Amino acid sequence: MVSHAHFDHLGDAEKIAERTGATLIGIPEVLSLCPGAKNTHPLNIGGSYRFPFGYVRMTPAVHSSGVAGGLACGYVISIIDGPTLYYAGDTSLFTDMQIIGAKERIDYAILPIGDNYTMGKEDAARATQFLKAHNVIPVHYNTWPVIKQDPEEFKQIAESVPTTTVKIVKPGESLVLSK
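Numbers given in this note's numbering equal positions in the sequence shown, counted from 1, plus 498.
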């Protein structure tokens, strides 16, 4: 699932899909940048589709897209007999996150905290509340100086809501997701 066409998100998606046989899911204009991909599934904001593993609904993201005519997006991914994830993509805080949280039971929200290009840690903590997310995984920080953030500070702010747990996943680590 490609959220937008910036190099740090589109990257090697086409090559990975080719190597693994994965389906590339994204905005049509973004998928058009992957002409060699054999298996694609275009979606648009608000659309959803049932795949063999569960359903995917594309959500808005407030961010530039990296390609003319494209939109940045996020995804709600509901895995059959598994958790429901919300991947925000690169985005700012926006009030429609409240609708996403009201419509879905979000087991895991994957939110950017880097600031500068996306929301920062305070807005991501507010997004956690809007989404009523039970678990939050911070992303999109510390890859270069302009987005340097302390994920422990985010954890402290977000976990001030007693029903929220922040899972900090360091590079090379993995996390088992459960319902």
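All residues carry an ideal CB built from backbone N, CA and C; glycine is no exception. On a predicted model such as this, the values are computed, not experimentally measured, just so you know.
- Judged by DSSP in its simplified three-state form, histidine 539 adopts strand.
- Residue range 552-558 is occupied by the beta strand (DSSP E) that includes arginine 555.
- Of Leu569, Lys536, Ile635, the smallest CA-CA separation from aspartate 605 is found for Ile635.
- Inter-residue distance for cysteine 532 and alanine 559 is about 21 Å (C-alpha atoms, whole angstroms).
- Remark: C-beta atoms of serine 530 and glycine 587 do not approach each other more closely than 8 Å.
- Taking every protein chain shown into account, the CB of tyrosine 547 has fewer than 16 other CB atoms within 10 angstroms, so this residue is exposed.
- Residue range 582-585 is occupied by the beta strand (DSSP E) that includes threonine 582.
- In the three-state DSSP reduction, isoleucine 577 falls in the strand class (E or B).
- Rounded to the nearest angstrom, the gap between the Cα atoms of isoleucine 645 and aspartate 506 is 13 Å.
- Burial check for glutamine 654: the Cβ neighbour count within 10 Å stays below 16, so the residue is exposed.
- By the criterion of a C-beta distance shorter than 7 Å, aspartate 648 is surrounded by no residue of its chain, once the five residues flanking it on both sides are discounted.
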